[in-house]
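First to last, the protein sequences are chains A and B.
Taking the numbering used here, I'd label the letters of the first sequence as residues 1341 to 1819.
Taking the numbering used here, I'd label the letters of the second sequence as residues 1080 to 1529.
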Amino acid sequence: MPQDLRRILEACAPAEAEWVGLRRVRTAGRGWQAKDGKFESAYDFTDEGYMVEVLFAGQFGYAATASPGSAAMKAAAARALELARSAQAWASFRFQPAARPPTVLGWETRRALRSSLGGDLLSRHAIRLTEAMRVSEKIVLASAELVLRDLVSELVSTSGAAIEQETSLLLCGYQAVARDGSVTQRRSSHGMGSSTNQGGRELLDLDSGEAGARAVALQAIELLEAEECPSMRADLVLAPDQMMLQIHESVGHPLELDRILGDERNYAGSSFVRLEDIGSLQYGSPLMNVSFDPGVPSEAASYAADDIGNPARKEFIIKDGILVRALGSLESQARSGLAGVANQRAQDWFRAPIDRMANLNLEAGSDRVGNIIAGIERGVWMESNRSWSIDDHRNKFQFGCEYARLIEDGRFTRTLRNPNYRGISATFWKNLFKVGEASSLGVLGTPNCGKGEPNQVITVGHASPVCAFRDVEIFGGGA
Amino acid sequence: MSTARELEARFSRACEVLLGELASGEAISIEFSGESSTFLRFNRGARQIGEVDQSRVSFKYYRDGRTLSSLFETTDSPELDARTAAAALDRARREAALLPEDPYQTLPAAAGSSREEFTGQLPESGRLPKTILDPARPFQGAGADFVGIHSQGPVCRGAANSKGARHWFATENFVVDYSAWLANGKAVKSSYAGREWDDQEYARKLGSELPRLEALSRGERTIPAGEYRVYIAADALGEFVPFFSWNGLSERQIREGESAFIALKEGRRLMSPSFSLSQDFGLGIEPRFNELGEVAPDHLPLIEGGRLANSLVSARSARQYGVASNASPEWEGLRSASIGAGELAEEEVFVSIGTGLYLSNLHYLNWSDFDSARVTGMTRFACFWIEGGRLVAPIKDMRFDESLYHLFGDKLKALSSKRQLVSETSTYDRRALGGSMLPGILVDGFTFTL
């Protein structure tokens, strides 16, 4: 437990405050990049900083600093109080101290292998991945990236919270770019940046990773000769590495309660979902079951408590197609009077926590992937996101993928390039007609979810099986 | 709150340790980014208020053909900072020794120095809610919610290297990035930014939004998918500017097949003769130096008369590909973008649209096809249906999907004679500096899809 942090808190907490919290975040990051069989870049850093948060007359104020001395912390706490005091007459809502629970816990990422690998081994592994992708003269770029990030987040408060959580993340990604004449195609491991997971050394497959890299490069070459994705309305089958994006943009973001309450209207946007929809809205077909689950061991955004100390547990967000709960933190729950989840999260010590996704997963169904394909007369299989855009109410979307295959009369017939599809969230999920069984589940994540004013990026996880949707507008590239 | 002077002292102390402890055969390039920011987020009143004092040194360490990047936070304690800097350097030495050789290592070579400082008159931070929210009361009277964020305080950038380069840029500025929302879900969006706060100017700016709000209260028009004549105002055009950086005009990305402008580079596709794009530091809103201490030219034409004039070339790409550098940062992104003006007068915009759309803002743009430089995105905020040269009604938001070769090429009919500075408001990791000088553009046959 963070004893030194408690001593700092006791020394700096202003007497007039109703509640004071002190959060310290320490990060150690290492990364290596290789291109075309050669070293490209490497970094190694540590970072540490503090955020003091004060509640005064129902209004929170914060001050963040990297300066750990008692004078600096006292000054930060006094500034947080002064700012809270200045805003209390203008407060959009008056919070109670219960918005910051007195949780006591310790937690860490489950790691099977705890020892770390040296920069020599890891930089060479990145180079080997790029060497494995040089399968043809037409590969004009083979790149690979390995990122390790260890993050220790501690929180103490005047109401008794004492939390220490240690998260270990690994991102391993690679990409091949192929070119022939005026045609350029890209293929990557699940879409760049999407292979982020929690765990230890066991996540890094030093022996067989090259086979995956070579397969990616061969598909990039295959795409050069592939047909352009045709324009049509047809069934759409999405692999887990595109379902991740589909869940993120058209389920996760519209169900963030702070968006529904209007906080994000000026930047990230609002939602097509209204407060009164929660508990009754038919969001998708009865096959759709979505959970907020911070307890999946290898998933990128697992934790035991969020950044305000709210203990985290699995909750269904959509059950049998009905929206039963939104992604709302204790603050949003107090403002809306609705149930929520433990999702008030901050990017780092220098940003205040807000409503975020964490692990948001589509529960597995009962269909074998072979049976899903066999049951489709005309459709397209798409995998690995490469383009994403959705309106500010998270309704009208257009997404593109790296790789697709045409499905005709229950079997794959041809590879397609530049596949895109568009739709409307409010109707798209109602056309979900097949959900793959657990063996088709992919557990993926990204460190790059952007939101908030001031802006923040955060790590999220999404697990999904293969899913199929009816009557989707599909099209290709060009023009 | 730290002042710009205090932040500069942190930069100087870090340079002293990192440069002072450097041994023979070692080289280093150092970057500094610091700010002391007050943020007030508002949504029907004060939502979050706080301050962030943040100053970060990032450096590249070079020895025996190896290169390693690192970073650390600086603080108000000279002793702690000296220990942190020395420890970071030691760690960089150990870790760099484990790495393979960097085949295109670019040692710092620039030795110049520069100094730019802009002081400001900012609102008193202890009275921010009153200063920012009180003048917005007329929105309440119009039935609109006032939503957004105010940011203020000093922002600093520095660069130095072991060849003797030393650069410093500091500014004290503010931006109120806001929107006003009617109950029907329609909103106006704008910002008030600068170095000299003026209560009256701020109130005047907010008051000028009220007529647009009135127009947005009219019944919404649903537009079927298809091609339309549109005027894309400067704020909306600003959403396209990142696409010249992201898979854009980088020499490296063009060579690696990662640019959407390969066809432009190869002359297979052209833009309109009336379209010109340049990097123009004459705007004076962000530093010209990069992480190696190199200083970019004041003006760099990128697209002239619809043809590629220059790509953005870093020292690393220059070494790797044997071309001349134009002092681009290593990420080869476009800074201080400037699109040339045309002849369309502001008062003629509606008439020149005739029947079509006026687009104030766009949202969530992304490449939808690289080879054809096609971009998709959404209309947002105050976008209107125009008929017979007159504003008729706000529209239900529409999705577009259009090639930049068309948008800035055969479909580009006119550019406005007046340009506007569209300030960078991003606050990811830190408050961004910079902005773009942009006209509005008239486009025929702009493609809406959903």
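Even for Gly, the Cβ is constructed at its ideal location relative to N, Cα and C.
Model, not experiment: these values are computed from the prediction.
Along the stretch 1727 to 1751 of chain A, the positions whose C-beta sits under 7 Å from a C-beta of chain B are Ser1727, Trp1728, Ser1729, Ile1730, Asp1731, Asp1732, Lys1736, Gln1738, Gly1740, read in chain order. Around B:Asn1445, the beta-carbon contacts reaching into chain A at under 7 Å are Ser1727, Trp1728, Ser1729. The beta carbon of B:Asn1326 does not come within 7 Å of any beta carbon belonging to chain A, so the residue lies off that interface.
Contact note: B:Asp1480 reaches chain A through Gln1738, using a C-beta cutoff of 8 Å and chain order. A:Trp1769 counts as buried, since no fewer than 16 other beta carbons sit within 10 angstroms of its beta carbon.
Nearest Cα to A:Ala1579 within the set A:Leu1544, A:Val1394, A:Val1591, A:Ser1529: A:Ser1529. Inter-segment contact for the stretch 1476 to 1494 of chain A and the stretch 1331 to 1342 of chain B is present: three or more beta-carbon pairs are separated by less than 8 Å. Sequence-distant partners of B:Lys1490 (beyond 5 residues in either direction) whose C-beta falls short of 6 Å from its own C-beta, in its chain, are Val1522, Asp1523, Gly1524.
For B:Gly1099, there are no C-beta contacts with chain A under 9 Å, since the nearest C-beta of that chain is about 21 Å from it. Look at the beta carbons and you see the stretch 1748 to 1767 of chain A touching the stretch 1565 to 1574 of chain A: at least three pairs across the two are nearer than 8 Å. Legend: CB atoms of the stretch 1254 to 1278 of chain B lying less than 9 Å from CB atoms of chain A belong to residues Asp1256, Tyr1257, Ser1258, Trp1260, Gly1264, Ala1266, Lys1268.
Contacts with chain A at 7 Å (Cβ-Cβ) do not include B:Leu1362. Contiguous beta strand (DSSP E) elements confined to the stretch 1247 to 1278 of chain B occur at 1266 to 1273, taking only those with 3 or more residues. Interface with chain A (7 Å Cβ-Cβ cutoff): B:His1442 is included. At a cut-off of 7 Å, the C-beta of A:Glu1793 has a neighbouring C-beta in chain B.
C-alpha of B:Leu1413 to C-alpha of B:Leu1391: approximately 7 Å in a straight line. No Cβ of chain B is located within less than 7 Å of the beta carbon of A:Phe1435. For A:Lys1774, the enclosing beta strand (DSSP E) stretches over residues 1772 to 1775.
Interface criterion not met: the Cβ of B:Phe1197 is under 7 Å from no Cβ in chain A. Within the same chain, Cβ atoms closer than 6 Å to the Cβ of A:Ala1403 are found at Val1392, Ala1416, Arg1419, Ala1420, the five residues on either side in sequence being excluded.
Within the same chain, Ser1625, Phe1809, Arg1810, Asp1811, Val1812 come within 8 Å of A:Asn1771 by CB-CB distance, once the 5 residues on both sides are set aside.
A distance of 7 Å or more separates the beta carbons of A:Asp1732 and B:Arg1120. Judged by beta-carbon spacing, A:Thr1405 lies beyond the 7 Å limit of B:Asp1476, meaning their Cβ atoms are not closer than that value. In terms of Cα proximity to B:Lys1344, the closest of B:Glu1373, B:Ser1439, B:Glu1383 is B:Glu1383. Judged by pairs of C-beta atoms under 8 Å, the stretch 1093 to 1103 of chain B touches the stretch 1157 to 1166 of chain B, as three or more such pairs exist. Chain A has no Cβ within less than 7 Å of the Cβ of B:Glu1203.
The beta carbons of B:Leu1285 and B:Pro1214 sit closer together than 7 Å. Neighbourhood of A:Arg1468 in chain B, by CB distance below 9 Å: empty, with the nearest CB roughly 11 Å away.
Put simply, the stretch 1634 to 1647 of chain A does not touch the stretch 1604 to 1613 of chain A. Fewer than three CB pairs are less than 8 Å apart. Per DSSP, reduced to three states, the secondary structure at A:Lys1414 is helical. The continuous stretches of beta strand (DSSP E) do not include A:Gln1687, and DSSP gives it neither H nor E.
Scanning its chain for C-beta atoms nearer than 7 Å, with the 5 sequence neighbours on each side dropped, one finds around B:Gly1298 the residues Ala1472, in chain order.
Between the alpha carbons of B:Phe1225 and B:Arg1291 lies a gap of roughly 14 Å. Considering only A:Lys1378, A:Gly1790, A:Glu1742, the residue with the shortest C-alpha distance to A:Ile1561 is A:Glu1742. Listed by position along chain A, the residues whose Cβ is nearer than 7 Å to that of B:Thr1082 form an empty set, because the closest Cβ is around 14 Å away. Counting only runs of 4+ residues, the alpha helix (DSSP H) found wholly inside the stretch 1698 to 1758 of chain A occupies 1709 to 1714, in chain order.
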